[in-house]
Ligand code: C2O
Ligand code: CU
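Numbering (the numbering used here), first residue to last: 7 to 468.
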């Protein structure tokens, strides 16, 4: 474990507090092993997010501070009870986890709303190890924008051993000079790249610093849980190798250098800390006009003299390989649509419709959604031909199943297994998958303003 700075220590103890004793599911369902139910209470709080007054109307799960980083183990049952102490409906979606449809947390598609004052029991067994995250799927621009985004670490006991681990939850906040929330979006920006936050944080801190053993290998798990921002990441002052993207090992490790990652995406890095005590490594975002330091890492103690080449590779996750020779093609075109009013719903509408998939703008979360984008047969292989007809970048995300990136019309791609692909302007990409998880699975852009103004749909697997 890296040595903890004071703020980290506070965060860590807050996290421990998030584990409520609760009534184990073991008694209720007669499972062999006792299972602790984690209570995730969604509620309103305030938090010190800027240099001015604490921000009011912040939303979080758990006791205080940011939502706890949830620790799970691959192939081991996990249970959490969502307690809705908000004054509006909510749900939890477990982004990237290939679990049963009824646990997926999408109102109408997979479960009813969890109304204010009610609770919902989630229970599942994560099949894949890696870095994932969780967030509501209801009134998402407001609920996520105000804080409801947390990281999930699914451990594999056979993972290679690191000398430390740091988890970073990256996100912005739309705050005014007084530190209080301002309008979550501007319509003219929702119709372009989305509306950016004004205060940028890692783990709800402006630019946190973590101590890590000098000369040691640190596993840095980074999740972009922001509603809008796309990052271009680099490390200064230390060698960082990309070992996993979106929870899945990369086909071949490569040095972190200007890696573009969008909302919803995660990257796992093996960072080789500098040998000299006190030396600082900096994780940077170089996208846009002013580079920003995301977080820094300070080398402490005598050098452990580790070598990244000693690190065993991560085990692949058990994602079925598509049979490309028999795979059926499904065309999905992302486009801008003429503006028309969206249907209001309990889960919030932004009141605009700017985007569409296959020319159909998602009407909002209603009891009567549009028909699926495609119907897939259980167990069959498919290739999604996704085409971006817009001049903007879209992190496009599929629930419930992971896919493999096969080819792109504009760049060299690795056969990465993932749940979110950052598709460039005018790019066409082929994504292969086996339809091995039955249910209705949301497919949408993870720039939440795009998702909520039309760029959403779902695939039906039966
Ligand atoms: Cu991060 Cu529909 O999800
Ligand atoms: Cu988008």
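Idealized CB from N, CA, C, for every residue including glycine.
Contact set for residue i: own chain, Cβ-Cβ below 7 Å, skip 5 residues either direction
i: residue 252; result: 102, 271, 272, 424, 425, 426
i: residue 329; result: 387
i: residue 243; result: 280, 285, 286, 287, 288
i: residue 27; result: Legend: pLDDT at residue 27 = 32, less than 50; position of this residue unreliable, no value from coordinates given.
i: residue 35; result: With a pLDDT of 45 at residue 35, under the threshold of 50, the predicted position of this residue should be treated as unreliable, though the coordinate-derived value follows. Answer for residue 35: no residue qualifies.
Own chain residues within Cβ distance below 8 Å of residue i, not counting five before or after
i: residue 257; result: 420, 421, 422
Residue i to residue j span [Cα, whole Å]
i: residue 449; j: residue 463; result: 5 Å
i: residue 172; j: residue 227; result: 6 Å
i: residue 14; j: residue 211; result: Below a pLDDT of 50, predicted positions are generally treated as unreliable, and residue 14, at 39, falls in that range; no measurement from the model is reported.
i: residue 67; j: residue 332; result: 45 Å
i: residue 234; j: residue 180; result: 11 Å
i: residue 182; j: residue 189; result: 9 Å
i: residue 163; j: residue 131; result: 15 Å
i: residue 193; j: residue 308; result: 54 Å
i: residue 198; j: residue 99; result: 26 Å
i: residue 408; j: residue 141; result: 18 Å
i: residue 236; j: residue 114; result: 29 Å
i: residue 201; j: residue 195; result: 5 Å
i: residue 263; j: residue 418; result: 16 Å
i: residue 440; j: residue 80; result: 21 Å
i: residue 398; j: residue 430; result: 7 Å
i: residue 415; j: residue 390; result: 14 Å
Run of the beta strand (DSSP E) containing residue i, from where it starts to where it stops
i: residue 385; result: Here residue 385 belongs to no beta strand (DSSP E), and DSSP marks it neither H nor E.
i: residue 334; result: 334-342
i: residue 358; result: No beta strand (DSSP E) holds residue 358; DSSP gives it neither H nor E.
i: residue 419; result: Here residue 419 belongs to no beta strand (DSSP E), and DSSP marks it neither H nor E.
i: residue 90; result: 84-90
i: residue 105; result: Taken as a continuous stretch (DSSP letters only), residue 105 belongs to no beta strand (DSSP E), as it is neither H nor E.
i: residue 301; result: 298-306
i: residue 230; result: 223-230
For residue i, the first and last residue of its enclosing alpha helix (DSSP H)
i: residue 151; result: 146-151
i: residue 193; result: 193-196
i: residue 457; result: 454-458
Exposed unless 16 or more other CB atoms sit within 10 angstroms - verdict on residue i
i: residue 93; result: exposed
i: residue 384; result: exposed
i: residue 267; result: buried
i: residue 53; result: buried
i: residue 116; result: buried
i: residue 360; result: buried
i: residue 44; result: buried
i: residue 12; result: Any reading at residue 12 must be qualified, since the residue scores a pLDDT of 35, below 50, and its modelled position is unreliable; the value itself is stated next. It is exposed - the Cβ of residue 12 has fewer than 16 other Cβ atoms within 10 Å.
i: residue 124; result: exposed
i: residue 177; result: buried
i: residue 315; result: exposed
i: residue 455; result: buried
i: residue 126; result: buried
Cβ shell of residue i (< 6 Å), same chain only, five flanking positions each side left out
i: residue 356; result: 458, 459
i: residue 451; result: 400, 402, 457, 461
i: residue 274; result: 137, 227, 249, 250
i: residue 218; result: 8, 170, 224, 279, 303
i: residue 245; result: 278
i: residue 334; result: 388
Could you name the residues, in chain order, whose CB is less than 5 Å away from a heavy atom belonging to the ligand CU? 400, 451, 453, 456
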